[in-house]
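Q:
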Amino acid sequence: MSSFARPHTMGGGTMRRTLPVGLVLLLLTSLIPVDHHDVLAEASVHPTIAGDPGVSDVPTWRIGDRWIYSGTFDPSILVTDTGVDATVGEIQGDTTAEVTGITTQNVDNMSVLAYTLRTSANFDKSGVSLEGFTGNVYIQFTQTEYLRVSDLAPIRSELDMYIRFVPSGISFLEQILGDITITTTYSPVNENYDFPLRMDERWTTTTTSYSQWSGQSDYITPFPPPETDTNSTTWVVTDVGKPRNMIGQSIDYGGCNESYEMTSFNSDGVSEGFRWYCPEVRNYAWLNTNDDIGLTIDFKLKRYDPVGASGVEPYTNPGTRADCLSVSPERSITALNTPMQVWVNASSSCFSSVAGLQLELHHEAEGFVTSLTTAANGSAWAVLDIGDAVDSSATLLDYASHGLVAKAGNRVGAATVTLDQYLVGLDVFADEGAVVMNRERCIGDVCTVTQLNAISGFNVLPGDYLDIEVAIKNRGITTSVATDARLTLPDGTVSTEQLPALATYQTHKMFALWEVPENTSIGAVELLWEADVSRLNGADADLQNNIGRIELFVGRLPTPVAPEPTGMTQDTILINASGSFDEDGGDVSCEFWVPFDDGTRTWDYERIVAPSCMLNYTWIDDGIYPVEITVEDEERDESVMILNVTVENRAPKIEVRSQRTEAKVEYPITLYAYANDSDSEKVWPGVVDIYWPGANCKEGYYTRVCTTTSTTEGWKTFTAVGTDDDRATATATFDVKFTNIQPHSINVQMIGDEGPVAMDAQDTWHVDEDQAVLIKGQAQDSVDDIDDLTHTWWPDDAQPSLVRVFDGRTSEFEMVWLEAGLHKMRLEVTDSEGASSGVEERWVSVQNVPPTIEPIPPVLPVAEGQTVSVSGTSSDTPSDVETLLRCWDIDPSMDSDDKGSADDDCDVIGDNLTVAWNRSGTHKLVYHVTDNDGATTSEVLEVLVLNTPPIVRTKAISCVAYETCVLDASDTLDALTDIKDLTVAWDTDITVDSNEDGVPDNDADLIGKTVRTRSPATVSSPSKFMAWDEDPNAPARRSSPCCPPADRTPLENLGASSWVKKETPVVQLSLLVIMLLLVGLFTTPTSFSTNRRRLGRGVDVSTGPFAQREESIQRKRPEGPPPDYLFQAALQQAPTSVQAGPPLPATGLPEGWTTEQWEHYGQQWLDSQSP
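Take 391 as the starting number for the sequence shown in this note's numbering and just add one per residue.
(1) Three or more C-beta pairs under 8 Å: does that hold for the segment 1109-1116 against the segment 1081-1091?
(2) Can you tell me whether Ile1176 is helix, strand or coil according to DSSP?
(3) By the three-class DSSP mapping on this structure, what secondary structure does Trp1548 have?
(4) Mind checking whether Ala804 and Ser540 have CB atoms under 8 Å apart?
(5) Per DSSP, which residues does Tyr459 bridge with? Please list them.
(6) Expressed to the nearest angstrom, what Euclidean distance is found between the alpha-carbon atoms of Ser345 and Leu964?
(7) For the 8 Å Cβ check, are there 3 or more pairs between the segment 738-751 and the segment 823-838?
(8) Exposed or buried, Thr1154, counting other C-beta atoms within 10 Å across all chains shown (16 or more means buried)?
(9) Taking only three categories from DSSP, how would you classify Thr1327?
(10) Among residues of its own chain, excluding the 5 on either side of Gln482, which ones have a beta-carbon nearer than 6 Å to its beta-carbon?
(11) Looking only at C-alpha atoms, which of Pro1185, Arg925, Leu794 sits nearest to Gln1139?
(12) What residue range is occupied by the uninterrupted beta strand (DSSP E) comprising Val1305?
(13) Could you tell me the distance, in whole angstroms, from the CA atom of Pro1412 to the CA atom of Asp1294?
(14) If you compare alpha carbons, which of Asp1175, Thr571, Lys1314, Ala543 is closest to Phe531?
(15) Can you round the beta-carbon distance between Ser1417 and Thr1373 to whole angstroms, since I take them to be within the 8 Å contact cut?
(16) When the distance is taken between beta carbons, is Val626 closer than 8 Å to Arg1585?
(17) Contact defined as beta carbons within less than 8 Å: I believe Thr360 pairs with Glu1103. What is the distance between those atoms, to the nearest angstrom?
(18) Check each candidate in Thr494, Ser547, Gln1049 and name the one with the smallest Cα separation from Glu754.
(19) With 16 other CB atoms within 10 Å as the buried threshold, where does Trp1105 fall?
(20) Give a yes or no on contact between the segment 955-975 and the segment 887-900, applying the rule of three or more CB pairs nearer than 8 Å.
(21) Jot down the residue ranges of each uninterrupted beta strand (DSSP E) in the segment 1186-1254, minimum 3 residues, whole runs only, in chain order.
(22) Terminal residues of the continuous beta strand (DSSP E) containing Ile529?
(23) Taking Ile1092 as the reference, give the member of Glu1144, Asp1079, Thr1098, Thr1101 with the closest Cα.
(24) Quick check on this structure: which residue in Thr1362, Arg554, Pro586, Ser640 has the alpha carbon closest to the alpha carbon of Gln606?
(25) Flag this pair as yes or no: are the beta carbons of Val807 and Gly768 separated by less than 8 Å?
(26) May I have the straight-line CA-CA distance separating Thr1327 from Trp1307, to the nearest angstrom?
(27) Where Met652 and Ser1029 are concerned, what is the direct C-alpha to C-alpha distance, given to the nearest angstrom?
(28) Relative to the C-alpha of Ser624, which residue among Glu648, Ser654, Ser649 is closest?
(29) Reducing DSSP to helix, strand and coil, say where Thr1367 ends up.
(30) Assign Gln1256 to one of two classes, buried (16 or more other C-beta atoms within 10 Å of its C-beta) or exposed (fewer than that).
(31) Note down, in chain order, each residue of its chain lying with its Cβ closer than 8 Å to the Cβ of Ile453, except the 5 sequence neighbours on either side.
(32) Quick check: the Cα distance between Gln1523 and Gly1300, rounded to an integer number of angstroms?
(33) Restricting to runs no shorter than 3 residues, where is the beta strand (DSSP E) found entirely within the segment 788-812?
(34) Where does Phe1124 sit, in a helix, a strand or coil, going by DSSP?
(35) For the alpha helix (DSSP H) that Pro1268 lies in, which residues bound it at each end?
(36) I'd like to know if the segment 860-876 and the segment 814-827 are in contact, where contact means that at least 3 CB-CB pairs between them fall below 8 Å.
Written out as structure tokens, the structure reads:
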């Protein structure tokens, strides 16, 4: 993993070594908005099968092995300590680590095999603000590490970061924030692991790191110089099982139930973090570290992808995988400088043939490399001298531990051999270096728990509550016999318990609780514990180390002493706590936590360590600063006091200048204020807020440049007030003379009934003629002239003599324009000193209002010749109403005046019209009105004129065969306007189609109301009379006039018969004789005279039913009855004995109808009532 994820050795140089990393993270945190994730107070813990993994040797990696971690960075303390005003928290993201190669590296004059581990992560954060722009930050993080194959110790790392910022919406302004490479090498290698691992293992590693920066960045300038730092870290395997922390949190990976917790301590014995190593994934499963600089790193395993394994579940199970090369030394623990046989076995799962395989065996600590060839079974064998080289992970249990590495191509195998200079069969001893105490100390209501160990020392105070843990171990190569152990507390309390059998390097722990009595004197007290009190292990090589003892020093808290100093800003103020002392003896040192005002809302702090307990400090801003002084004695007991330092303020300096001392009223003048605050915490001229009481500066209230003016004439004094960051003030003044100005800012407004009238794009108002509007005028001037202004108006250029004058700051009057067109309005404003604003012009477009006509009510249908009277009502604006021209066009189809269109003739002038038509149909009337501007409005009225059909009446017809017959229809009736144009036709014989049109009863054999014709010889010949006006559907009448035969003797009649004429003369003569005889026999005078009387009578066909005569006439639908006058000239009374017309409705005659009207038009009325 990266240097962020890998905890380095801790010590006094940690700050210097990790500062480059801190600066990089500071750059990141200043750019990336971080989401904060709260940890539950009680996290749920899922029970898993967890246990002790026992002893685990160094794992073997393959190229392509990959681990994915969910990573979290929290630089909150780092950013706070460096004084950056930023909201920080956790930065989260996945990090992938992958083995990319196996190479040979040189370190400390040794050639070692090393894995190349490449760690990468990409971050993409949106909503980032940088220099006023908001956008996205893209971070590419890559680190290449070289880890020794024999123990995974880091040799060298190369960290690359590429950071760019892309503003939202303006990607072409992309900015590269950093392209940085940090190279770090370690000498000797940094042994974070001391294989083989087991519970309670303890080792200390000391290393020197060398760091160098390269690349470029505008935000880290200049780069830190190359630096070298040496420090040490103590690692302790403190727990085994499923990875978890104190609040029950665990990793995302489902396995790793048998893991080791390794806790790291710096050179002061302070815990710096932990990591859980998981043998089954061949790497750590959880890494958590807290650096001195305040950087918290937390990586948890979520996925493992091993190469060549079977049965893998990436998130829960690593599956099984055989080592390609397994290294098997003759012994895992051996004495120094002894020969040792080592076997190397090749696996057929990795090689196509394990026989004759060429490989190398490395003992890198001794510089030993040998080439081997496998036998047919895949094994190779060699003998080497284990040597006496030490490693960089010192421990009390062994002399050193070295890895033996085999390599064939890009596949490796490794095993660890432990060197023991005191190699014995059995040695049970009390391990004084493994004693751990958790000290709980309460001061007031605040209690803190601190771990004490052999590194930190065991210093306590009366009232401390101690949780004691001591260890007993077996350093021999054989297992001990179960026996007993005894623990004696400082107050003499003794406890004995069973000591189980211990295998090689196995540990047993004893626990006790003890509270330091309040009356304990200053001095040392002793804690004792003893292994194998009963001496059951007779083969124990060293009985003297069975007893362990440590001293607990009972001391007192140091007493801080310091007077409260007072001083001025920018003065050096001495804070003297050198009078502080320690009651239990020894020297004291001090740490000052000094607040200062950095210009933000909260104070910043600076931590200063002063062994002499004296500090000279300078504040640039006044105030009372609570300085926290921590006094620490040699036992690292601490007392804290708050010392209030009073810093008095220095007032600012201010001066006002301008390029002019005279200006016109309301004309701007710019004043410049120069000020500085010598004790401001900002750079010169410091923070001085300038405001100008009553000046109304254009730039705002607080400004150093004030553009202002005066509304009155004369001299005016402007005052600038400067206030520093401590609220101290200073003033400066400047005098300006203001002279008269002419009226200005003329504002002319037109207001109508609905509010202000808006101008169009040409700055012209639009109003209607005769529209009353309110004209308002306003001008600006100095306050002392504004109420004495004179407004002179010329409202209409068409009326030059129309002038209106008003006094005051505003003027208003009502205005009406009577003529359409473009009018110009002018205004001039002058003050009491005769200064004029100039003439302001405004344009008004007066639009003509066309006349209006009220709707004309419709007229009921009328009959031909009936007069109709209609009236039109029109209106216009008052100025046009008297000149309106009102006309009627009674025939819109004809242009009678040859002007305009056909429907705008002025046939009748005026609003009223009386007219009649002698022709039926729909007739139009146009009522139109024209004003003096030629605007015209018209209304069209349609009148339905109904036709009055003729009433056919004929006189009695009496005709004699072969004589002239008179057919008389002169009594036929029609409207007076139609009677003269009536057309009358006679079909003298409706059985004969004389015009050969296929209809026998429509022949016009005779034309005229009274015609003469020769009667036919037949007795009866039906005829038809037809009469029509402009409506061709005219009524008709059929008649069958009786035509008696000619005045003949019977014999003449017989001779005249047609059949007789056809016979022979003999037959005719015979018939004639017979007829004469018959006539002579039967004819008498009476009968003859009777026949003559009958011949003298005619048939009056006019007495037929009237309704039957009208059945063939097609009728229109009148809305009212026709007038009575149409029937006055030739009205005849129909016979009363015959009912004419259709049946009356149940309600009787319609309102306004007569019986005669019903007979003629009743059927049309009934038809009009049907749907």
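Glycine included, every Cβ here is placed at the ideal spot set by N, Cα and C.
A: Checking against the coordinates, here is how it stands:
(1) yes
(2) To locate residue 1176, count along the sequence shown from 1; it is residue 786. The answer is helix: DSSP assigns Ile1176 an H, G or I state.
(3) Residue numbering aside, residue 1548 sits at position 1158 when the sequence shown is read from its first letter. Of the three classes helix, strand and coil, the one that applies to Trp1548 here is helix, per DSSP.
(4) Indexing the sequence shown from 1 puts residue 804 at position 414. Indexing the sequence shown from 1 puts residue 540 at position 150. A contact, by the Cβ cut-off of 8 Å.
(5) The residue you call residue 459 lines up with position 69 of the sequence shown. Tyr459 is bridged to Thr485, Leu691.
(6) The question about residue 345 has no answer here: the residues shown for the chain are numbered 391 through 1561.
(7) no
(8) Your numbering for residue 1154 matches position 764 in the sequence shown. Its Cβ having fewer than 16 others within 10 Å, Thr1154 is exposed.
(9) Position 937 of the sequence shown holds residue 1327. Three-state DSSP puts Thr1327 in a strand.
(10) Numbered from 1 along the sequence shown, position 92 holds the residue referred to as residue 482. Hits under 6 Å: Thr462.
(11) Stepping through the sequence shown from its first residue, residue 1139 is reached at position 749. When only C-alpha atoms are compared, the closest one is Pro1185.
(12) Along the sequence shown, one-based indexing puts residue 1305 at 915. Its beta strand (DSSP E) spans residues 1302-1305.
(13) The sequence position of residue 1412 within the sequence shown is 1022, counting from 1. The sequence position of residue 1294 within the sequence shown is 904, counting from 1. Rounded to the nearest angstrom, the two C-alpha atoms are 56 Å apart.
(14) As a working mapping, residue 531 is identified with position 141 in the sequence shown. If we check each option's Cα against that of Phe531, Thr571 comes out closest.
(15) Counting from one through the sequence shown, the residue named residue 1417 turns up at place 1027. Counting from one through the sequence shown, the residue named residue 1373 turns up at place 983. The question names Ser, but residue 1417 in the sequence shown is Ala. Yes, Ala1417 and Thr1373 are in contact; Cβ-Cβ is about 7 Å, under 8 Å.
(16) Any answer about residue 1585 is impossible in this case: the structure gives the chain only from 391 up to 1561.
(17) Residue 360 is absent from the model: the chain starts at 391 and stops at 1561.
(18) The residue labelled residue 754 in the question sits at position 364 within the sequence shown. If we check each option's Cα against that of Glu754, Thr494 comes out closest.
(19) Translated into the one-based positions of the sequence shown, residue 1105 becomes position 715. So Trp1105 ends up on the exposed side.
(20) no
(21) 1194-1197, 1200-1205, 1211-1220, 1226-1237
(22) Along the sequence shown, one-based indexing puts residue 529 at 139. That run of the beta strand (DSSP E) goes 523-538.
(23) Working through the sequence shown from its first residue, we reach residue 1092 at position 702. Looking at the sequence itself, residue 1092 is Tyr, so the reference to Ile does not match. It is Asp1079.
(24) As a position in the sequence shown, residue 606 is number 216, starting the count at 1. For Gln606, the nearest C-alpha among the options comes from Arg554.
(25) Residue 807 sits at position 417 when you count from the first residue of the sequence shown. Residue 768 sits at position 378 when you count from the first residue of the sequence shown. Not a contact, by the Cβ cut-off of 8 Å.
(26) One-based indexing of the sequence shown puts residue 1327 at position 937. One-based indexing of the sequence shown puts residue 1307 at position 917. Going by the C-alpha atoms only, they are around 26 Å apart.
(27) Position 262 of the sequence shown, counted from the first residue, corresponds to residue 652. Position 639 of the sequence shown, counted from the first residue, corresponds to residue 1029. Taking the straight line from one Cα to the other gives about 32 Å.
(28) Counted from its first residue, the sequence shown places residue 624 at position 234. As written in the sequence, residue 624 is Thr, which differs from the Ser given in the question. When each option's Cα is compared against that of Thr624, the closest is Ser654.
(29) In the sequence shown, the residue the question calls residue 1367 occupies position 977. Reduced to three states, the DSSP call for Thr1367 is helix.
(30) The residue labelled residue 1256 in the question sits at position 866 within the sequence shown. Gln1256 should be labelled buried.
(31) Looking up residue 453 in the sequence shown gives position 63. Taken in chain order, the residues that qualify are Val489, Thr490, Gly491, Ile492, Val697, Asn800.
(32) Taking the first residue of the sequence shown as position 1, residue 1523 is located at position 1133. Taking the first residue of the sequence shown as position 1, residue 1300 is located at position 910. The predicted position of Gln1523 is uncertain, since its pLDDT is 40 and thus under 50; no value can be drawn from it.
(33) 790-798, 801-809
(34) On the sequence shown, position 734 is the one that residue 1124 refers to. If DSSP states are grouped into helix, strand and coil, Phe1124 belongs with the strands.
(35) In the sequence shown, the residue the question calls residue 1268 occupies position 878. 1268-1271 is the span of the alpha helix (DSSP H), which, as asked, contains Pro1268.
(36) yes
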